[in-house]
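In the numbering used here, the protein residues as written are 24 to 235.
What follows is the structure, given as structure tokens:
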């Protein structure tokens, strides 16, 4: 396990920030940190994602682990690593992106869904495999996968809620990814940072409950 992802496997939660634009990226990250979430992914689907990565890295230093999501091309890897991203996430299996990350010694959480895709991503060098969209398969799917393939390090993402986060971890996930259920466009637009912090605290509590 790359040392950069040790924090993720310890806290077992990555917050996925997917916004149309990232002018308030630092405030979002600070609200998440205040709630106890220190692993944050900014997706490239929004405007200003690389700038958000750079600004949060500069402001927060080692207090948070900042990554880039929805990375689909090797050129994107170059851009986000230059901005300071500490890990890369894809929604699907992209060998060219895995190779670009390995070349730059940046850990990658590679998206996959079927057993074949998941094993392929693992064997290609993904540090962790993002099971996406997890809402389509549920926690029992992870149990079924891990029975014959216990070495897999899975991070279910997509449809992870306060109600099922602990079930995914108990099924064998090393961590979970949470996006829209944690950070909404509406809350950011209204600058409801306290609401995001409360949501973060609730997810952290759910994770801690699963580990006890």
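Positions of the beta carbon are idealized from the N, C-alpha and C atoms, including for glycine.
| Check | Outcome |
| --- | --- |
| The stretch 209-219 / the stretch 178-197 touching (three or more Cβ pairs under 8 Å) | no |
| First through last residue of the beta strand (DSSP E) which encompasses residue 113 | Taken as a continuous stretch (DSSP letters only), residue 113 belongs to no beta strand (DSSP E), as it is neither H nor E. |
| Endpoints, the beta strand (DSSP E) within which residue 81 is located | Where residue 81 is concerned, there is no enclosing beta strand (DSSP E), although the alpha helix (DSSP H) it sits in stretches over 72-83. |
| Rounded C-alpha distance that separates residue 14 from residue 86 | Shown here, the chain extends from 24 to 235; a query on residue 14 therefore has no answer. |
| N- and C-terminal bounds of the alpha helix (DSSP H) containing residue 98 | 97-106 |
| Cβ neighbour criterion (16 or more within 10 Å) applied to residue 119 | exposed |
| Three-state secondary structure (DSSP) of residue 38 | strand |
| Endpoints, the beta strand (DSSP E) within which residue 43 is located | It is not in any beta strand (DSSP E) - residue 43 carries neither H nor E in the DSSP assignment. |
| DSSP beta-bridge partners of residue 64 | 39 and 90 |
| Top-ranked residue by Cα proximity to residue 106, from 80, 95, 97 and 131 | 80 |
| Nearest to residue 221 (by Cα), restricted to the options 204, 74 and 234 | 204 |
| Environment of residue 137 [buried if 16+ CB atoms lie within 10 Å] | exposed |
| Beta-carbon contacts of residue 70 that lie in its chain and below 8 Å, excluding the five residues immediately before and after | 43, 44 and 45 |
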